[in-house]
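Put into structure tokens, the structure is as follows:
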């Protein structure tokens with residue numbers, strides 16, 4: 001082969017494209033029925049916008065370039081910086097809350113591996129300008145509404161949520177200094193991926209005082225695949241934590257969030273899990289990951305109340321939302337047998353059933369298409385049997401047999417055949 | 427504003443996105459009903475693939491970058507090289523003819539101007555492996571099927587077609603040497619954009635012998651907004667051209683092509699225009715442009731029988747197809763008033779009609795969404811009138827008023843209101 005696709009990026013042949021379109025169309029349909037409006041931004045952004053927003057991880061994974069005008073640009077590795085830029089540009093005229101979604105194509109210059117590619121599609125759902133946990137709950141509802149729509153169940157996937165302020169309060173209460181916070185959060189973020197001893201070492205290394213690590217461990221409790229104890233119960237395990245700054249507010253917010261999830265009838269999909277922190281990113285409130293057993297997170301998100309301001313916008317306009325990539329999702333859907341077969345791909349395959357009937361077959365095909373039906377025909381004049389075979393290969397529901405003076409429809413599932421008028425088919 | 431969108435690239439706010447989605451969805455629907463299957467490729471390709479395929483024009487307009495592995499890559503400026511690469515990679519297993527379409531996001535590092543941006547979307551429709559002009563006619567049919575679907579008419583846009591082999595034969599017959607061909611074709615390509623004297627000069631400069639330019643001018647005839655004389659008539663105007671090599675075959679092919687267009691009932695959208703050559707690109711047969719008065723071409727395409735081989739594939743597998751960009755198209759559609767208003771964007775807006783009814787409103791909203799209806803509600807508890815106003819602003823068809831023990835639906839168009847059961851709404 002002289003030319004190949006770029007490493008870690010996918011060609012979408014029609015079979016692959018049908019799966020991608022099924023996922024993307026379902027994302028869109030669910031977003032719209034949840035009252036979100038679609039937006040998009042250029043695939044290229046100014047490097048300084050992406051650098052201003054992104055954590056270290058992402059900034060090191062950019063496909064960068066310089067254009068002819070000397071501008072330093074990069075392919076977007078996520079769409080949140082673009083979202084913040086767009087909202088800030090119209091902050092005085094956009095009615096709030098803003099409920100927007102997008103399905104951007106994103107690129108990250110990292111090493112490809114199972115579930116992680118250098119180009120992918122990501123469903124992004126965000127609410128901007130609404131501080132109440134109702135907005136957080138509504139985003140989670142949209143995620144679950146989608147997962148349920150694909151045929152997945154609460155046994156296949158769980159939304160594991162926590163409160164970033166509660167975790168930070170627990171760390172601070174255990175004695176963590178401000179400059180130890182990031183390292184401690186990073187250690188907790190890795191907890192589910194490393195052996196318990198390795199986690200203990202990482203946490204102890206992050207926190208100067210060994211006693212602090214013990215307090216944090218007590219708060220986190222045992223790792224569990226099911227639900228952790230309730231937030232109030234975990235807080236009660238650590239002396240004095242209940243009275244520590246920010247804890248009562250965080251617990252009240254978690255309780256409201258959980259109550260909204262129940263009202264929205266997705267409570268059984270969601271479990272509290274204190275070790276969810278979402279890495280070093282910019283989250284400030286409730287955070288969550290959608291996790292299917294054995295795979296990387298299908299989705300992740302949470303509240304980010306300082307981002308718009310950090311990107312040049314006004315103070316006090318927060319946001320909340322999540323991103324769900326297509327790569328891990330497709331692995332999970334395939335694994336659970338939820339990807340449809342797409343067997344019927346054409347309404348009619350039109351066949352010239354005698355010599356000289358091609359012109360009439362063309363006319364019929366054109367008429368069917370204009371009428372909104374999908375219809376195709378063979379470029380090659382061939383015997384009826386051969387054309388019927390092509391009709392089957394193409395996934396046609398029925399064949400339309402065309403003679404110069406009549407027309408019949410043959411159902412390719414039942415095999416039944418009957419004379420018909422063209423007008424009846426449109 | 428601290429951050430701006432990259433120059434010549436568009437932010438799609440929801441109002442813009444609805445227009446883009448309407449165009450793209452219509453492209454997809456028309457493609458599928460015409461029997462084409464969708465494919466896509468990565469947004470980045472190896473630079474040498476794009477350079478091998480593209481004309482000079484495009485190769486000079488690439489957004490290039492080098493990845494961490496030292497690979498020279500570029501954002502695709504067109505998708506045909508990727509299409510050829512993908513087909514070549516499966517040339518022995520793909521059943522032919524291949525009927526594929528795509529709606530790629532493309533970038534070109536050129537100067538933005540009206541109708542030309544640095545990022546755009548382009549509908550690509552191609553048939554690979556079918557030499558008959560029926561395949562060319564089918565591609566034109568698909569283009570017209572789309573244009574008609576948007577509400578445009580044959581008075582708004584025309585498909586202007588010609589034959590590259592016929593033009594080359596006429597040039598050769600007039601005395602053009604092989605190494606003068608590209609310059610002459612480039613001059614003819616510019617004919618409609620420059621004054622007649624400028625064209626005469628360019629053509630004379632391209633062709634060594636002044637007599638040759640006269641012969642070519644006679645063949646081209648007067649520029650006309652309507653149909654040019656028939657191909658046979660133009661050929662007859664030049665002494666001996668009818669008997670020149672390749673002319674009879676080209677005329678026969680044009681006649682067959684025109685006959686198929688008539689059969690497909692799009693003949694009135696199509697006119698022969700000998701000056702269409704499609705620049706310096708790789709075309710080898712019938713070529714065409716879709717032109718709306720006063721604007722750049724909405725679409726352009728034709729037959730390319732050597733491209734797969736040039737990109738490492740086997741000899742003898744030709745292709746034909748076209749590309750239609752979204753930028754000029756949107757200008758034409760807006761100009762002709764064909765862009766819909768998208769007034770109704772939500773089935774239901776759910777309102778808590780009394781204190782304490784929020785939980786019930788959330789339950790109703792979730793239930794409606796699960797049932798496939800689009801439904802939203804206000805995050806803020808507000809009086810009925812205020813919430814009705816929000817419902818109208820959001821483009822809701824109806825409001826659902828929720829009390830703790832009953833429910834009513836208010837039609838926001840007629841204003842009628844009636845008590846209903848939730849199950850009746852899903």
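Residue numbers (this note's numbering), protein chains in the order written: chain A, 1 to 426; chain B, 427 to 852. Yeah, the Cβ is synthetic: ideal placement off N, Cα and C, and Gly gets one too.
Interface partners of residue i on chain A, CB under 8 Å
i                      : result
residue 750 of chain B : Those within 8 Å of residue 750 of chain B in chain A number zero; the least Cβ separation is about 17 Å.
residue 681 of chain B : What residue 681 of chain B touches in chain A: nothing, since even the nearest Cβ is about 14 Å away.
residue 668 of chain B : Neighbours of residue 668 of chain B on chain A: none; closest Cβ ~28 Å, over 8 Å.
residue 686 of chain B : 362
residue 545 of chain B : 42, 43 and 44
residue 526 of chain B : 14
residue 833 of chain B : By Cβ distance, chain A contributes nothing, its closest Cβ being about 16 Å from residue 833 of chain B, past 8 Å.
Residue i, DSSP secondary structure in three states
i                      : result
residue 485 of chain B : helix
residue 401 of chain B : The shown model of chain B, from 427 to 852, leaves out residue 401 of chain B, and the question about it has no answer.
residue 469 of chain B : coil
residue 412 of chain A : coil
residue 690 of chain B : coil
residue 207 of chain A : coil
residue 638 of chain B : helix
residue 429 of chain B : coil
residue 277 of chain A : coil
residue 450 of chain B : helix
residue 589 of chain B : strand
residue 803 of chain B : strand
residue 394 of chain A : coil
residue 616 of chain B : coil
residue 845 of chain B : strand
residue 94 of chain A  : coil
residue 158 of chain A : strand
residue 852 of chain B : coil
Contacts around residue i, its chain only, beta-carbon distance under 8 Å, and the 5 residues preceding and following it disregarded
i                      : result
residue 297 of chain A : 289, 290, 291 and 328
residue 347 of chain A : 368, 373, 374, 375, 396, 397 and 398
Inter-residue CB distance, residue i and residue j (contact presumed, cutoff 8 Å)
i                      : j                      : result
residue 588 of chain B : residue 703 of chain B : 7 Å
residue 139 of chain A : residue 321 of chain A : 5 Å
residue 855 of chain B : residue 453 of chain B : Summary: the structure shown does not reach residue 855 of chain B, with chain B confined to residues 427 through 852, and so no result is reported for it.
residue 606 of chain B : residue 526 of chain B : 36 Å between Cβ atoms; not a contact.
residue 771 of chain B : residue 820 of chain B : 7 Å
residue 216 of chain A : residue 171 of chain A : 6 Å
Beta-carbon neighbours of residue i, restricted to chain A and to distances below 9 Å
i                      : result
residue 447 of chain B : 28 and 38
Chain A residues whose Cβ lies nearer than 7 Å to that of residue i
i                      : result
residue 726 of chain B : Neighbours of residue 726 of chain B on chain A: none; closest Cβ ~22 Å, over 7 Å.
residue 708 of chain B : Chain A residues near residue 708 of chain B: none, gap ~16 Å exceeds 7 Å.
residue 805 of chain B : 97, 130, 132, 134 and 135
Close beta carbons around residue i, own chain, < 6 Å, minus the five adjacent residues each side
i                      : result
residue 14 of chain A  : none
residue 492 of chain B : 498
residue 254 of chain A : 163 and 231
residue 377 of chain A : 350, 361 and 365
residue 485 of chain B : 477
residue 23 of chain A  : 326
residue 246 of chain A : 165 and 169
residue 135 of chain A : 127 and 320
residue 743 of chain B : 555 and 734
7 Å CB neighbourhood of residue i in its chain, flanking five on each side removed
i                      : result
residue 41 of chain A  : 79, 82 and 86
residue 474 of chain A : In this structure chain A extends from 1 to 426, so residue 474 of chain A is not present and cannot be described.
residue 112 of chain A : 7, 8 and 118
residue 445 of chain B : 756 and 765
residue 578 of chain B : 762 and 764
Neighbour list for residue i in chain B, Cβ cutoff strictly below 7 Å
i                      : result
residue 34 of chain A  : 795
residue 329 of chain A : Going along chain B, no residue has its Cβ under 7 Å from residue 329 of chain A, so there is no contact; the nearest lies around 17 Å.
residue 9 of chain A   : 468 and 470
residue 346 of chain A : 461
Amino acids of chain B, ordered along the chain, whose beta-carbon sits closer than 8 Å to that of residue i
i                      : result
residue 192 of chain A : The contacting residues do not exist; residue 192 of chain A stays about 28 Å from chain B at best.
Below-7 Å beta-carbon distance, residue i vs any chain D residue
i                    : result
residue 6 of chain A : In the structure shown, chain D cannot be found, because the protein chains are A and B.
Cross-chain neighbours of residue i in chain B, by beta carbon under 9 Å
i                      : result
residue 304 of chain A : Going along chain B, no residue has its Cβ under 9 Å from residue 304 of chain A, so there is no contact; the nearest lies around 17 Å.
>> I'd like the ranges of any alpha helix (DSSP H) spanning at least 4 consecutive residues and lying wholly in the stretch 96 to 153 of chain A.
In response: The stretch 96 to 153 of chain A contains these whole alpha helix (DSSP H) runs: 133 to 149.
> Can you list, in chain order, the stretches of the alpha helix (DSSP H) that have 4 or more residues and sit fully within the stretch 288 to 336 of chain A?
Replying inline: Segments of the alpha helix (DSSP H) lying fully in the stretch 288 to 336 of chain A: 307 to 310 and 326 to 335.
>> To test your reading of the DSSP string, which unbroken alpha helix (DSSP H) runs of 4 or more residues are found completely within the stretch 643 to 683 of chain B?
In response: If only uninterrupted alpha helix (DSSP H) runs of at least 4 residues are considered, those enclosed by the stretch 643 to 683 of chain B are 657 to 662.
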